[in-house]
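Data block below; observations after.
Protein chains in written order, with this note's numbering: chain A, 3 to 406; chain B, 838 to 1157; chain C, 91 to 380.
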């Protein structure tokens, strides 16, 4: 008797569970009822919002949100509010494509922004072309994305040259390096960077004595540091990301390796890095396109206003990555706005065509795109951490301090 | 009478899966997501073929990645037909599985799992460091997409037309169902089951235990390699970290156990339920916390259906 | 150079062993394959971080607090895993896979996606220019892992409770027949494992970094070392950690950092083939079917 009621109860539970599963499936697969042609202008964003890259993905996202809220405070685009639909790409290409497709079909977005990993930006850019919807990538660097393939719907606000050129100039002109080590992460972006910087330094006859790659997620660099000590490395360029610098710098200090200049193009010039490393971050060299206090000449006020708005809204300071997200969204919104004012219908084609002629002033750069969709101006600066603050030291026209 | 009853549900499922895209109610988004669900369902079944013998592998990403690189490289250097390249990918996966079968023949349970897990590192590191052949960590980009079949007036573009790709993946998945079916419901399938339940008894019954285990593993590696090769052409690019990932090694296990690893449609059902719900519902519901919902769904469902959802459906079908 | 290599492999190996101890104990006694192990270590690390940042507690003090707090979490986990049915090993693996995702996303909401570090135990009285073979942080790590291993070993081999626990590891059913409350041993194992996870957390925040999605790496390390050493072999774990640490460091030194994972993998496979019952086992013990 007891057993019988027990099983029937279990059966009811099981049935409920099965029905819930089925309902979830139907909900997932059915196209959601579209909002009755709402007045809003919708744009979409795809970024790594979970996983190891979530820190930077979130920063880009906040930059985009800042740009969207800014335009809405001004009354939107000709009175129409702007809405942002955003999705996580999980750092996986098929998820990025699925989610982009979802944004295009169910969210009816007019343009896409975001993107942190190049190998995910590429498939999304192809999808954008197929749907004739513009995509302004926020932090894409790799050369192969714009070279040799023409995609009239793809734009980006950064490129690798803007990092490699100033860094190579800095190392050749300013540092008197006698032995240079280059360490990079086994990811496409970091590998391309390392190979380019090595080629550039060797062309300038500088001695690259150590060139090595490590698996992302490694915590232990002691063997590499032993070799660096043996090769009497005085300049170490690490193309890893923020957590790699945390580990490497800490072990460098622990093992007392006499490296004079430590350069991390990605990951060092961040407030959160300085906060975690504390005094150990003193003297390290990093790179950024923008930071509070490090802005394109002539945009100090605009930059300051952005920083204040951002702090009030997000209770934290913006950084270079945030700015990349902000600038990419600004470009897309500017193009949408100028299409809207000419009273042509808002279509992907019209917006993409307008993006070709966009020319806006942002704290990071004067943004205009070339034929390939690359930014015409993109130059990062070298910064050094001095007394817990980032100080621009190269190129000379942007420098506010000296190398210590 | 009984087998006919058991076929009602699957037949109904096939009818929906074939009819739906033809009805015009679906979009390319659905074709893409369900196509990938078929793909991962197929991959989960290839994993399960060897897992059915009791050899639970945590290293099927090795076969997958080797297949992807074989297809990607032959397409990159010699521009051979993608289907031929995919087949070569399967062969390479099969060869690596032969090595496993030889070396790991005495390993069972957790130790087999650990050996398989470690085996992924070897091809992964080679692909990552052999710059002149595989372009190393930069990965292979611009791998040609799947070809277009010209049948006079009909052009079936498997690469560009997502509906055509959907049917291709559906057919591919159905083929894997056949293999999976054979490894459960045939003489050979019974041998596999004997090996899993009790090796000594199986040997006593005249089952060649070593041979059955090796056959299942090699077939599994071959088919997983084919999955990898197909992936290279579907995505158009591969990287060592992408195709030799822990994610790929763990996914078939989760899908199979969720769906029911002893059922013909188990792994497939796992993929067909989990993948679309995650990609189309959870991602849009909670862009930042979707994986938490996914995890919660696995936990809760698994507490209700410890044998997998297919096993429960099967039982219901029988008692009805 | 060789001395340097040995010193740093010792410290790396001790770190590995600390990560693996809790997993090994829980897996050995209850057969629960806890894929959320690394996430629990991070949870403990975050707890230490919150105490350190929020209340200004010194890191050394956070160690005992975490060791007290984490057993509560793992005992709750044990109660929950009791509902998981056979085959226990595989089914707990899938359930804790889901749990791991839930924990990661909960930590993302609670602690943000930023990378966090705990300051290293700093008792530098060394002259600033000296280059010691072992730095204070490494000595601290090695000492703690030796201590934790020794404590676990003494508990398992020199107490009555330990005898019951070991009996459960070796022959579950026989232990039950001999009157050992196997279920209660499970609670004890999860509590002890939780203490060890609690210890590993702050150390993980010192020697590696905290990030909500960093859990799979320590989980993997723990699985590898546990199976490599032989389930339930405390001393084997320390030895396994050291061997792995040495081989990885030597490979990175001689061949380059990009080869270390492969060399470690080849060694693992070789040892699994040559010593299939684990590093320190003399007599074979039965393997339960997965």
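Heads up, the beta-carbon is just placed ideally off N, CA and C, and yes, glycines get one too.
When the beta-carbon positions are compared, residue 288(C) and residue 134(C) come within less than 8 Å of each other. The Cβ-Cβ distance between residue 363(A) and residue 203(C) does not fall below 8 Å. The beta carbon of residue 216(A) falls within 8 Å of a beta carbon belonging to chain C, placing the residue at that interface. Within chain B, the residues whose beta carbon sits less than 7 Å from that of residue 352(C) are 958, 959 and 962, listed in sequence order. Look at residue 990(B) here: in three-state DSSP terms it is coil, with no helix or strand label. Straight-line measurement puts the Cα of residue 965(B) at about 10 Å from the Cα of residue 216(A). One Cα belongs to residue 1027(B), the other to residue 1042(B), and the distance between them is close to 11 Å. Burial check for residue 1134(B): the Cβ neighbour count within 10 Å reaches 16 or more, so the residue is buried. For residue 245(A), the chain C residues whose Cβ falls inside 9 Å of its Cβ are 205, 298, 299, 301 and 304, in order along the chain. Annotation for residue 983(B): no beta strand (DSSP E) segment contains it, and DSSP assigns it neither H nor E. For the segment 317–350 of chain C, the residues whose beta carbon sits under 9 Å from a beta carbon of chain A are, in order, 335, 338, 339, 340, 341, 342, 343, 344, 346, 347, 348 and 350.
DSSP lists 182(A) and 263(A) as the beta-bridge partner residues of residue 237(A). Excluding sequence positions up to five before and after residue 237(C), its CB lies less than 7 Å from no other CB in the same chain.
Using a CB distance below 9 Å, the part of the segment 940–959 of chain B facing chain C consists of 940, 941, 943, 944, 945, 946, 947, 948, 949, 950, 951, 952, 954, 955, 956, 957, 958 and 959, ordered along the chain. In this structure the segment 135–144 of chain A lies against the segment 109–122 of chain A, because at least three pairs of beta carbons, one per stretch, are closer than 8 Å. In the structure shown, residue 205(C) falls within a coil segment according to DSSP collapsed to helix, strand and coil. For residue 166(C), the closest Cβ of chain B is not nearer than 8 Å. If you draw a straight line from the Cα of residue 236(A) to the Cα of residue 212(A), it comes to about 11 Å. For residue 1012(B), the enclosing alpha helix (DSSP H) stretches over residues 999–1019. Around residue 165(A), the same chain offers 143, 195, 267, 289 and 382 as residues with beta carbons nearer than 8 Å, after the five sequence neighbours per side are excluded. Closest in C-alpha terms to residue 58(A), from the list 146(A), 277(A) and 245(A), comes 245(A). In this structure, residue 925(B) sits near residue 911(B), with a CB-CB distance shorter than 8 Å. For the 8 Å CB-CB criterion, residue 1084(B) and residue 101(A) do not form a contact.
In the three-state reduction of the DSSP assignment, residue 396(A) falls in the strand class, which pools E and B. Taking all protein chains shown into account, residue 997(B) has fewer than 16 neighbouring C-beta atoms within 10 Å of its C-beta and is therefore exposed. Out of 371(A), 113(A), 170(A) and 109(A), the CA that lies nearest to the CA of residue 338(A) is found in 113(A). In the DSSP annotation of this structure, the continuous segment of the alpha helix (DSSP H) that includes residue 104(A) starts and ends at 95–107. Per DSSP, reduced to three states, the secondary structure at residue 186(C) is helical. Among the residues of chain A, those whose CB is under 9 Å from the CB of residue 227(C) are 252 and 256, following chain order.
At a cut-off of 8 Å between C-beta atoms, residue 1133(B) counts as an interface residue with respect to chain C.
If you compare the alpha carbons of 206(A), 157(A), 162(A) and 188(A) with that of residue 176(A), the shortest gap goes to 206(A). Three or more beta-carbon pairs separated by less than 8 Å are not found between the segment 1088–1096 of chain B and the segment 1004–1022 of chain B, which leaves the two stretches without contact. A check of alpha carbon separations from residue 294(C) across 360(C), 230(C) and 189(C) identifies 230(C) as the nearest. Here residue 75(A) is exposed. Its C-beta has fewer than 16 other C-beta atoms within 10 Å. Contact annotation for residue 1002(B) against chain A: no contact, minimum CB-CB distance about 12 Å [criterion: below 9 Å]. Between residue 79(A) and the set 392(A), 306(A), 340(A) and 26(A), the nearest pair of CA atoms involves 340(A).
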